[in-house]
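Under this note's numbering, think of the first position of the sequence shown as 110, with each following residue one higher.
Written below as structure tokens is the structure these notes are about.
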Amino acid sequence: FGYIHINPLEIEFPEWKDKINKSSVNINMKKFLESYQYSSYLDYIGEDRIEKNIINPKNFPDYFQNSQSFQDFIENYFIEI
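Quick look at the structure:
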């Protein structure tokens, strides 16, 4: 599930998997994800966008308690890759 939301990193940071410091998420990568308008990542962190009409984050009602728990999940996913 996490890879879907971080795939856009390949656009701006094509070699990120080889160069990332696994103990922390690069702030530029996080900013990129938060600004990339074509990713459903924005829907899960509560940002408003037109495409939200085709995404239903409520399909995971107990998986993420709030947008912060989703962001924590993604940051942990960075470390695990």
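The C-beta atom is built at its ideal place from N, Cα and C for all residues, glycine as well.
If we count the other Cβ atoms within 10 Å of its Cβ and call it buried at 16 or more, is Tyr191 buried or exposed? Outside the shown range of the chain (110 to 190) lies residue 191, about which nothing can therefore be said.
Under 8 Å by Cβ, that's how I've got Ser148 and Ile164 pegged, so tell me the actual separation to the nearest angstrom. Indexing the sequence shown from 1 puts residue 148 at position 39. Indexing the sequence shown from 1 puts residue 164 at position 55. The pair is not a contact, with the Cβ atoms about 10 Å apart (cut-off 8 Å).
Give the secondary structure of Tyr186 by DSSP, where H, G and I count as helix, E and B as strand, and everything else as coil. Against the sequence shown, residue 186 aligns to sequence position 77. Of the three classes helix, strand and coil, the one that applies to Tyr186 here is helix, per DSSP.
How big is the Cα-Cα spacing for Asp152 and Glu143? What you label residue 152 is simply residue 43 of the sequence shown in a count that begins at 1. What you label residue 143 is simply residue 34 of the sequence shown in a count that begins at 1. Roughly 10 Å separates the two Cα atoms.
Alpha-carbon to alpha-carbon, His114 and Trp125: Here the question's residue 125 lines up with position 16 in the sequence shown. Here the question's residue 114 lines up with position 5 in the sequence shown. Trp125 and His114: Cα-Cα distance of roughly 14 Å.
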